[in-house]
Structure formats: C-alpha cells, structure tokens
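Protein chains in written order, with the working numbering: chain A, 1 to 263; chain B, 1 to 215.
First comes the structure, then the notes that go with it.
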Amino acid sequence: MLMIRLLRAPLPLLVPAMLAVALLVVPLVGLLQRAPWSSLVSRLVDDAVLEATRVSLVVSFSAAGLCLLLGLPLAWVLARVDLPFPRLVRAAVLLPMVLPPVVAGAALLFALGRRGLVGQWLDSWFGVTLPFTTAGTILAATFVALPFFVTTVESALVAQGRDLEEAAAVNAAGPMTAFATVTVPSIRGAIGAGLALSWARAFGEFGATITFAGSLGGRTRTLPLQTFLALESDPESAVAISVLLLAVSLGVLVALRGRWLTR
Amino acid sequence: MSPLRSPTAGPARIEVRGLVRRDDFTLPLDVAIGDERTAVIGPNGVGKTTLLRLIAGLERLESGQLTIDGRVVDDAGSVFTAAHQRSVAVAFQDHRLFGHLRVVDNVAYPLRRAGLNRNTARARAAGYLAAVGLSEVAMVRPAQLSGGQRQRASIARALATPAQVLLLDEPLASVDDQSREALRDLLISTEHRTVVWVTHDPNDAKYANSTLTLS
Numbered sequence: 001m002l003m004i005r006l007l008r009a010p011l012p013l014l015v016p017a018m019l020a021v022a023l024l025v026v027p028l029v030g031l032l033q034r035a036p037w038s039s040l041v042s043r044l045v046d047d048a049v050l051e052a053t054r055v056s057l058v059v060s061f062s063a064a065g066l067c068l069l070l071g072l073p074l075a076w077v078l079a080r081v082d083l084p085f086p087r088l089v090r091a092a093v094l095l096p097m098v099l100p101p102v103v104a105g106a107a108l109l110f111a112l113g114r115r116g117l118v119g120q121w122l123d124s125w126f127g128v129t130l131p132f133t134t135a136g137t138i139l140a141a142t143f144v145a146l147p148f149f150v151t152t153v154e155s156a157l158v159a160q161g162r163d164l165e166e167a168a169a170v171n172a173a174g175p176m177t178a179f180a181t182v183t184v185p186s187i188r189g190a191i192g193a194g195l196a197l198s199w200a201r202a203f204g205e206f207g208a209t210i211t212f213a214g215s216l217g218g219r220t221r222t223l224p225l226q227t228f229l230a231l232e233s234d235p236e237s238a239v240a241i242s243v244l245l246l247a248v249s250l251g252v253l254v255a256l257r258g259r260w261l262t263r
Numbered sequence: 001m002s003p004l005r006s007p008t009a010g011p012a013r014i015e016v017r018g019l020v021r022r023d024d025f026t027l028p029l030d031v032a033i034g035d036e037r038t039a040v041i042g043p044n045g046v047g048k049t050t051l052l053r054l055i056a057g058l059e060r061l062e063s064g065q066l067t068i069d070g071r072v073v074d075d076a077g078s079v080f081t082a083a084h085q086r087s088v089a090v091a092f093q094d095h096r097l098f099g100h101l102r103v104v105d106n107v108a109y110p111l112r113r114a115g116l117n118r119n120t121a122r123a124r125a126a127g128y129l130a131a132v133g134l135s136e137v138a139m140v141r142p143a144q145l146s147g148g149q150r151q152r153a154s155i156a157r158a159l160a161t162p163a164q165v166l167l168l169d170e171p172l173a174s175v176d177d178q179s180r181e182a183l184r185d186l187l188i189s190t191e192h193r194t195v196v197w198v199t200h201d202p203n204d205a206k207y208a209n210s211t212l213t214l215s
C-alpha cells in the first residue's frame, strides 16, 4: 500500500524527499550500529559519565527555569506592548537561535569574563566570576535556549489576542491578576512546549559552553562535552553517551508530539 | 440576600462627550445615560460596541471626557481609570469565557476577585447559572457548550460581577427563541444598577426606560 501511494507522487519530488530522509536517518543508524549494546549500561555508570550527567541535569534544568522566569515576562512584553523598533527588538531576541554557538560563547566571554564589559564589575564589586563555573555554564545554556522559549510562548500569546485579558479586566482583575489567573493558564500548553524545547536546547548545548565555561570535570563538563572528550580516548563510551542523548532527544520529541511540533 | 441582588451603590449616571478614534475615522460622541435601563440602537459600524468599550475602560477617548456617577474616569489625558477599577461589568457579544475554567468557575471569577472564597463564590455562581438555565452544565468547560449556552454563561458572569454599571453587547443575539423571553425578563429585573443594552431587536428596546440611537 505504502509503495503504491509513494509511486503516485511525482518523481522529481519523491527522489529528493527520499534523499532527505536518508540524510537524516543514516547517521543515526550509524551511531546505533556502533553502540556497544552489551556494555552500554556499565559505560554509562562510569564515574566521569555520571558526573557529566549530574552537571548536565543541573545546568539544563536551571537554564529551563531561567527561561521560564525571564522568558515568560519577555514574551508577554513582546506580544502586548507597543515597543519602539519592534523588529529590531525581536531580531535581538531571536539572534542566539542563528548565531554560531562559538560566537555566542566568545560574546559572553567579552561581556561577562573577568575583564569583560560587565564581568569586571561583577568581579571587583561582588567577587563574582562566571567563566569556568557551573553558573557560567547555566548562563551560556540559557543564552542559547531562551529564544526557543520566548518565540513559542510569544506566538501563543499573539494567537490568543487580548480578548480574554479584557474579559478579566472587566471582571475586576488587575493586570497581574489577569496574567496569573487567565493569561498563563490559557497558554499553558505553549509554556510546556517552550520549556521542553529550551530544556532540550540547553541539554545539548556545546559550543557556547566550551568557549565560555571550558570543560572542567564536575563543574562545567556536560554530557555533550564529555562525549567530545571521550571520542579521543574512549570512542565506545562516546557512542554510549550519544545513544543516551539520542534517547533523551527522542523522548522530548515524543512528549511534544500533538502539542506544538505537529501544528 | 437574593443571589441576583448585587451589592452596589445603585445606578450611576454616565456621560460621554468627546471623540474616539476608530480604525479609519474619529467618532464624535455626546451621550448621557441616566436611566436604569437604556437600549442603544443604530446601524452596524456606528460605534455601539465602541461606546460600551469606552465606558468599560477598554478604549480611551481621543479628546473630551467620560464621567461615571459624576467621577471623571477618562479625560483623554492624565486621568484614566483602568477597566478593573471601574464599577463596570460586561457581557461581550463573543462571550469571552475562560477556556481553562469550568463554567461555574467562569461565573465565580468576578466573585473571587471581589474577595469571596472559592466555595462561597461557587455557591453564589451556581445561583446565577440556575437563573440563566445552565445548572446542568456548571461543571463542564466552555468548549463543550453551544453558542447560545456560552452567551448565557457570559450573561451570568456579568450579572455576578458586583458593579454599578452593566454593559450588554447584543446579549441575546445567539440565544434560541424559547430562552430569549426568560433571559430578557431576567435582565430587565436587574435592579439597582445602570444597564446599557446594545441591541438590534426592537423587542429588547421596548423594555428599556429610554432608547439611545446612534447614527
């Protein structure tokens, strides 16, 4: 049946479409075929891997939390306030999505490094240094993940419009009450999707992290960094971690199915 | 206390004099509403809904002044009392029920904002739902209601709001003929507040103390 349906499609569309599927699937098959299935679990409970897992979980969940804390108000402002230069503001918010992560890491270093624009004051006033710390790793992950959260939530707010907030207002709800009792609950699906996307982006973050926070075991070395390190010394372990990361990514995708990604 | 009696200070005189900007033109308004029940009639696009939105505080005057009960709530400049601080309730033409709340909690919403606890607010909301004939769907979500039921729930929510002014935007437009009479009686029996009722139906207008024609 499937073959018949496929063969009805025009060949100039069918062939590139099949090539695209191959391009996406073959690397994953390659990974799975190299996976050391029999020793998979023992390689994942290795001390270095467990430590990287801990760092990754702390960093990714903290980053997702920061995305919620900062991104929800930002999405609301973008959707509801008439800003000057709205396109410019929106472009600035979206930039980390398209910026090469290494550039993001370098930018963070110049801004928040010990001699950076803001970092020098953080250091001399508060004694706070961010590079090569877990906090810096969280910051780098938040930087790259925040736009995913903000765009998801903002488009839900724009789609919803102001109608319900107006209804809340004439029912004696002040702006913050309306936000908490009407706006947030009615876009909770989009908030969940935004959290999942930003968490996944933070979980997989590599370039900005290694540039800004380095790869210090137990502090800044996340699972992707551990994978990269292991590729040199212990490729089998690298494959095992990759399989784990792949499983997590698939999990997020499945959890989102029917919510946001299928729209 | 009867569930349909609202704890307010009685009807309020509303005066709107000034200009309001619509999408493509400015609309002059010179309106005084003093009676308990005023029907607002006029052709489509003449600004009936805009008038209600101005009184509710969802729209601002371009110039002029709007007073409710002698108090200036919008002077097109420094004075603007926000919607949630005006003693005004609205039944929107497009219902605007909160999809994440059960029908009873939609009606309880203004009562909760007035400081009632959840159970008291729900109990009182149930009274308003009974009055509009929606008792049996109190625990469902608005998405499961028909258009007419949604409009009735929206009316119940507006009636539940303890406000001096009740603004109704074609409240019976999508209600079926059988319930229309009963709902009209219910709206007419609303006492101690100013009701501004936008309508196309001459039968509605008949029951008003006065009629305001916009043209």
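Each residue gets a CB set at the ideal place from its N, CA and C atoms; glycine is no exception.
As the structure is a computational prediction, the values presented were derived from the model and not from experiment.
Supposed close pair residue i, residue j - CB separation, criterion 8 Å
| i | j | result |
| --- | --- | --- |
| G133/B | D176/B | Not quite, the Cβ-Cβ distance comes to about 11 Å (not below 8 Å), so this is no contact. |
| M139/B | R102/B | 5 Å |
| R173/B | Q93/B | Checking the sequence, you will find Ala at residue 173/B rather than Arg. About 6 Å; that satisfies the 8 Å criterion. |
| I55/B | L167/B | 6 Å |
| V252/A | G194/A | Not quite, the Cβ-Cβ distance comes to about 12 Å (not below 8 Å), so this is no contact. |
| A108/B | R122/B | 5 Å |
| P101/A | V144/A | 6 Å |
| T134/A | V59/A | 7 Å |
| G204/A | A48/A | Contact doesn't hold; Cβ gap of about 19 Å is too wide. |
| L157/A | A238/A | In fact, because the Cβ distance is near 41 Å, the residues do not count as touching under 8 Å. |
| L44/A | A240/A | 6 Å |
Distance between residue j and residue i (C-alpha atoms, nearest Å)
| i | j | result |
| --- | --- | --- |
| Y207/B | K48/B | 18 Å |
| F148/A | T142/A | 10 Å |
| L27/B | N44/B | 14 Å |
| H100/B | P185/A | 7 Å |
| T238/B | Y128/B | Any property of residue 238/B remains undetermined from this structure, which presents chain B solely from 1 to 215. |
| A205/B | I41/B | 8 Å |
| A172/A | R53/B | 15 Å |
| P202/B | Q178/B | 17 Å |
| A247/A | L50/A | 16 Å |
| L233/A | P73/A | A quick correction: the sequence has Ser, not Leu, at residue 233/A. The alpha-carbon atoms of S233/A and P73/A are separated by roughly 45 Å. |
| V73/B | A92/A | 39 Å |
| L223/A | M97/A | 21 Å |
| P142/B | A156/B | 13 Å |
| T53/A | V137/B | 49 Å |
| R8/A | V29/A | 28 Å |
| S124/A | L68/A | 30 Å |
| L117/A | L130/A | 13 Å |
| Q144/B | G77/B | 43 Å |
| P3/B | S210/B | Per-residue confidence for P3/B stands at a pLDDT of 41, beneath the threshold of 50, marking its modelled position as unreliable; no derived number is given. |
| H200/B | V77/A | 38 Å |
Helix, strand or coil at residue i according to DSSP, with G and I counted as helix
| i | result |
| --- | --- |
| F85/A | coil |
| D23/B | coil |
| I191/A | helix |
| F206/A | coil |
| G64/B | strand |
| D169/B | strand |
| E15/B | strand |
| T211/B | strand |
| F98/B | coil |
| P142/B | helix |
| F80/B | strand |
| L99/A | coil |
| R5/B | For R5/B, the predicted structure reports a pLDDT of 42, less than 50, and the residue's modelled location is therefore unreliable. A value from the coordinates is still provided. If DSSP states are grouped into helix, strand and coil, R5/B belongs with coil. |
| L162/B | In the sequence as presented, Leu is not what sits at residue 162/B; that position holds Pro. The answer is coil: DSSP assigns P162/B none of H, G, I, E or B. |
Nearest neighbour of residue i, chosen from the options [CA to CA]
| i | options | result |
| --- | --- | --- |
| A255/A | L229/A, T220/A, G189/A and T181/A | G189/A |
| A153/B | L116/B, D105/B, P162/B and S63/B | D105/B |
| A208/A | A178/A, Q226/A and A104/A | A104/A |
| L83/B | A107/A, S215/A, Q160/A and E166/A | The residue you asked about is not Leu; residue 83/B is Ala in the sequence shown. Out of A107/A, S215/A, Q160/A and E166/A, E166/A has the C-alpha closest to the C-alpha of A83/B. |
| W199/A | V58/A, L112/A, L50/A and A64/A | A64/A |
| D80/B | I68/B, L187/B and V90/B | According to the sequence displayed, residue 80/B carries Phe and not Asp. Considering only alpha carbons, the answer is I68/B. |
| D30/B | I14/B, G70/B, T38/B and R71/B | I14/B |
| R17/B | E62/B, A89/B, V165/B and E191/B | E62/B |
| S249/A | P16/A, A240/A, R201/A and I138/A | R201/A |
| A182/B | R118/B, E36/B, A131/B and T38/B | A131/B |
| I138/A | F61/A, G174/A, A20/A and W37/A | F61/A |
| R22/B | T50/B, G10/B, A32/B and D75/B | T50/B |
| A163/B | V90/B, V20/B and A32/B | V90/B |
| V89/A | I4/A, Q226/A and T151/A | T151/A |
is_contact[residue i, chain E] using C-beta, thresh 9 Å
| i | result |
| --- | --- |
| A163/B | The structure shown contains no chain E; its protein chains are A and B. |
Query - Interfacial residues, the stretch 234–247 of chain A to chain B, with Cβ spacing under 8 Å - result: none
Query raised in the report: Of all the residues that make up the stretch 110–125 of chain B, which are near chain A by a beta-carbon distance shorter than 7 Å?
Result: P110, R113 and A114
Requested in this report: Can you give me, in chain order, the residues of the stretch 90–101 of chain B that have a beta carbon less than 9 Å from any beta carbon in chain A?
Outcome: V90, F92, D94, H95, R96, L97, F98, G99, H100 and L101
**Report entry** Selection of the stretch 141–160 of chain B by Cβ proximity to chain A, strictly under 9 Å
**Finding:** S154, R157, A158 and A160
Query raised in the report: Of the residues that make up the stretch 153–172 of chain A, which ones have a beta carbon closer than 8 Å to any beta carbon in chain B?
Result: D163, L164, E166, A167, A168, A169, V170, N171 and A172
Requested in this report: Compile a chain-ordered list of the residues in the stretch 41–72 of chain B whose CB is closer than 8 Å to at least one CB of chain A.
Outcome: A56, G57 and L58
**Report entry** Interface residues of the stretch 173–185 of chain A facing chain B [CB-CB below 9 Å]
**Finding:** A173, G174, P175, T177, A178, T181, V182 and P185
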